[in-house]
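Undergrad:
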Amino acid sequence: MSSSTRLFCFGERLGIYLTVQSSCFSAAAVLILLFYAFIRSRRRRGSGNEDSHVSASILFWNLMLSDLLQAIGNMPSFQWMRDREVTEGALCTAQAVIKQIGINGVALSSLCIALHTFIELKLQKPVTPLVLKGAIAFIWVFVGLVVGIPNAVRRNEPTYYGDTGYWCWIKDGLSTQLLSEYVWVWASAFIMAILYGTMFRLIWQLRGGAGGVEVGARTQAYQQLFYPAVYIICVFPIALARWLKFGRRNYEPPYQVTLFASTLFALSGLFNVILYFFLRRKFTVGASAPSVPPGPLPP
């Protein structure tokens with residue numbers, strides 16, 4: 229049952245609807261891209277043409293999977309919009325868990341892409357497929373621990389997951405909220421900003437460089453700058469809203485701010501797919517390997 233007797237007003241319901249609609253767009257876009265990649269991968273295997281860059285692209289596909297989970301986590305809000313209130317129960321708990329997994333997965337996957345690009349561009353060191361696969365395993369083990377341990381510790385508390393305003397999440401306990409999600413989201417965005425600021429400076433310094441490899445590396449790195457930029461832009465409004473709430477006792481940001489931030493964050497999967505087709509349309513899965521150094525994104 230809902231923890232509040234107040235029903236959503238029209239503006240709140242509209243904001244929730246826009247968040248759900250944005251999540252549907254992101255989920256549909258990611259599913260289309262995954263299907264597209266699957267078809268191209270089958271054709272590549274059928275022709276015997278093994279792409280040496282596919283192993284490096286697993287970071288990107290992991291980001292897509294996380295984007296999909298994040299989008300799915302927002303979809304139960306359609307029921308809350310219809311009911312004009314959040315109803316605690318099995319659906320509410322499922323939403324909270326899936327949102328946690330997806331949001332943490334997106335943050336850490338984006339960070340791994342940033343680290344991979346930084347290592348290969350700035351440090352000029354290749355990252356082996358084994359390391360990339362280890363990074364993927366670490367992401368999901370870490371997410372499982374971050375989500376699972378607090379849940380196990382507080383499993384006897386019926387109010388651990390519940391109504392948090394416009395969706396279901398960790399209902400109380402600031403330290404638990406921080407350690408289960410916010411710290412990793414904010415830390416990832418902060419580290420990405422530093423890494424890509426450094427790489428953008430390097431690219432700018434190399435702007436007059438000659439030589440095919442250097443130009444190719446610079447072009448690829450410049451393209452990859454857009455992916456963490458999308459994450460930072462999408463996460464900043466909702467992070468700011470949370471900081472304002474945590475920094476002021478009994479303060480609730482206007483619902484317009486909260487729901488706008490939620491809607492923008494829900495669009496991150498769609499934005500990533502658009503960037504994929506816009507920036508990488510010449511290098512699809514299954515195509516012949518380009519003459520630039522491999523990166524974490526699918527060629």
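First residue of the sequence shown: 229, per this note's numbering; consecutive thereafter. Just so you know, even glycine gets a beta-carbon here, dropped at the ideal spot from N, CA and C.
Glycine 390 bridges to which residues according to DSSP?
TA: Locating residue 390 in the sequence shown gives position 162, where the first residue counts as 1. According to DSSP, glycine 390 bridges with Trp397.
Undergrad: Does the beta-carbon distance from glutamine 328 to valine 369 come in below 9 Å?
TA: Looking up residue 328 in the sequence shown gives position 100. Looking up residue 369 in the sequence shown gives position 141. Not a contact, by the Cβ cut-off of 9 Å.
Undergrad: For the alpha helix (DSSP H) that methionine 309 lies in, which residues bound it at each end?
TA: Along the sequence shown, read from residue 1 onward, the residue named residue 309 stands at position 81. Here the alpha helix (DSSP H) through methionine 309 covers 305-311.
Undergrad: For tyrosine 504, report the span of its alpha helix (DSSP H) as first-last.
TA: Here residue 504 refers to the residue found at position 276 of the sequence shown. Per DSSP, tyrosine 504 belongs to the alpha helix (DSSP H) from 496-507.
Undergrad: For serine 250, does the count of other Cβ atoms within 10 angstroms reach 16, so buried, or fall short, so exposed?
TA: As a first step, residue 250 is located in the sequence shown; it is residue number 22 there, counting from the start. The residue in question, serine 250, is buried, as its Cβ has 16 or more Cβ neighbours within 10 Å.
Undergrad: Quick check on the burial criterion: 16 or more other C-beta atoms within 10 angstroms. Buried or exposed for valine 355?
TA: The count along the sequence shown starts at 1 and reaches residue 355 at position 127. Valine 355 is buried by the Cβ-count criterion.
Undergrad: Enumerate in chain order the residues of its own chain whose CB-to-CB distance from alanine 257 is below 7 Å, with the five nearest sequence positions on each side excluded.
TA: As a first step, residue 257 must be located in the sequence shown, where it is residue number 29. So the qualifying residues of the chain are Gly497, Leu498, Val501.
Undergrad: Give the range of the alpha helix (DSSP H) segment to which glutamate 348 is assigned.
TA: As a first step, residue 348 is located in the sequence shown; it is residue number 120 there, counting from the start. From DSSP, the alpha helix (DSSP H) with glutamate 348 extends over 318-349.
Undergrad: If you check the beta carbons only, do cysteine 396 and glutamine 298 fall under 9 Å apart?
TA: The count along the sequence shown starts at 1 and reaches residue 396 at position 168. The count along the sequence shown starts at 1 and reaches residue 298 at position 70. Not in contact: cysteine 396 and glutamine 298 (Cβ atoms no closer than 9 Å).
Undergrad: If I measure Cβ to Cβ from alanine 365 and keep anything under 8 Å in the same chain, skipping five residues before and after, which residues do I get?
TA: Reading the sequence shown from its first residue, position 137 is the one you call residue 365. There are no such residues.
Undergrad: Out of Ser285, Ile347, Asp295, Pro465, point me to the one whose CA is closest to tyrosine 483's CA.
TA: Within the sequence shown, the letter at position 255 stands for residue 483. Out of Ser285, Ile347, Asp295, Pro465, Pro465 has the C-alpha closest to the C-alpha of tyrosine 483.
Undergrad: Using a Cβ-Cβ cut-off of 7 Å (strictly less than) and excluding sequence neighbours within five positions of glutamine 307, which residues of its own chain qualify?
TA: Against the sequence shown, residue 307 aligns to sequence position 79. Leu319, listed in sequence order.
Undergrad: Would you tell me roughly how many angstroms separate the C-alpha atoms of glycine 239 and tyrosine 394, rounded to the nearest one?
TA: For the purposes of this step, residue 239 is taken as residue 11 along the sequence shown, with counting starting at 1. For the purposes of this step, residue 394 is taken as residue 166 along the sequence shown, with counting starting at 1. Cα to Cα, glycine 239 sits roughly 12 Å from tyrosine 394.
Undergrad: Is the Cβ-Cβ distance between leucine 360 and methionine 427 less than 9 Å?
TA: On the sequence shown, residue 360 is found 132 positions in, with the first residue counted as 1. On the sequence shown, residue 427 is found 199 positions in, with the first residue counted as 1. For leucine 360 and methionine 427, no; Cβs fall outside 9 Å.
Undergrad: With a threshold of 6 Å on Cβ separation, who are the neighbours of phenylalanine 506 within its own chain once the five nearest residues in sequence on each side are excluded?
TA: Taking the sequence shown and counting its residues from 1, one reaches residue 506 at position 278. Within the same chain, phenylalanine 506 has no close Cβ partners at all.
Undergrad: Taking only the alpha-carbon atoms, compute the straight-line gap between glycine 301 and glycine 243 and give it to the nearest angstrom.
TA: For this step, residue 301 is matched to residue 73 along the sequence shown. For this step, residue 243 is matched to residue 15 along the sequence shown. Looking at the two C-alpha atoms, the distance is approximately 16 Å.
Undergrad: Would you kindly report the start and end of the unbroken alpha helix (DSSP H) that includes valine 374?
TA: Numbered from its first residue, the sequence shown carries residue 374 at position 146. 357-381 is the span of the alpha helix (DSSP H), which, as asked, contains valine 374.
Undergrad: Can you round the beta-carbon distance between alanine 467 and valine 413 to whole angstroms, since I take them to be within the 8 Å contact cut?
TA: Position 239 of the sequence shown, counted from the start, is the residue given in the question as residue 467. Position 185 of the sequence shown, counted from the start, is the residue given in the question as residue 413. About 7 Å; that satisfies the 8 Å criterion.
Undergrad: Does DSSP put phenylalanine 236 in a helix, in a strand, or in coil?
TA: Locating residue 236 in the sequence shown gives position 8, counting from the first residue. Correct three-state label for phenylalanine 236: coil.
Undergrad: What's the gap between the Cα of asparagine 478 and the Cα of glutamate 409?
TA: As a working mapping, residue 478 is identified with position 250 in the sequence shown. As a working mapping, residue 409 is identified with position 181 in the sequence shown. Each residue's alpha carbon lies about 21 Å from the other.
Undergrad: Exposed or buried, aspartate 295, counting other C-beta atoms within 10 Å across all chains shown (16 or more means buried)?
TA: Start at 1 with the first residue of the sequence shown, and residue 295 comes out as number 67. Looking at its Cβ environment, which holds 16 or more other Cβ atoms inside 10 Å, aspartate 295 is buried.
Undergrad: Quick one: what does DSSP say lysine 473 is sitting in, helix, strand or coil?
TA: The count along the sequence shown starts at 1 and reaches residue 473 at position 245. It is helical.
Undergrad: On the DSSP letters alone, give me the boundaries of the alpha helix (DSSP H) that glutamine 298 sits inside.
TA: Within the sequence shown, residue 298 is the residue found at index 70, counting from 1. Unbroken alpha helix (DSSP H) run through glutamine 298: 286-302.
Undergrad: Under a three-way DSSP split, which group does proline 456 fall into?
TA: Looking up residue 456 in the sequence shown gives position 228. If DSSP states are grouped into helix, strand and coil, proline 456 belongs with the helices.
Undergrad: From tryptophan 432 to proline 386, what does the alpha carbon distance come to, in whole angstroms?
TA: If you number the sequence shown from 1, residue 432 lands on position 204. If you number the sequence shown from 1, residue 386 lands on position 158. Cα to Cα, the separation comes out at about 54 Å.
Undergrad: Does tryptophan 289 pass the burial test, meaning 16 or more other C-beta atoms within 10 Å, or should it be called exposed?
TA: As a working note, residue 289 is residue 61 in the sequence shown. Buried, because 16 or more other Cβ atoms sit within 10 Å of the Cβ of tryptophan 289.
Undergrad: Inspect the beta-carbon positions of histidine 344 and leucine 287 and report whether they are closer than 9 Å.
TA: Position 116 of the sequence shown, counted from the start, is the residue given in the question as residue 344. Position 59 of the sequence shown, counted from the start, is the residue given in the question as residue 287. A contact, by the Cβ cut-off of 9 Å.
Undergrad: Please report the distance separating the alpha-carbon of leucine 351 from that of serine 416.
TA: Walking along the sequence shown from the start, residue 351 turns up at place 123. Walking along the sequence shown from the start, residue 416 turns up at place 188. Approximately 20 Å, taken between the alpha carbons.
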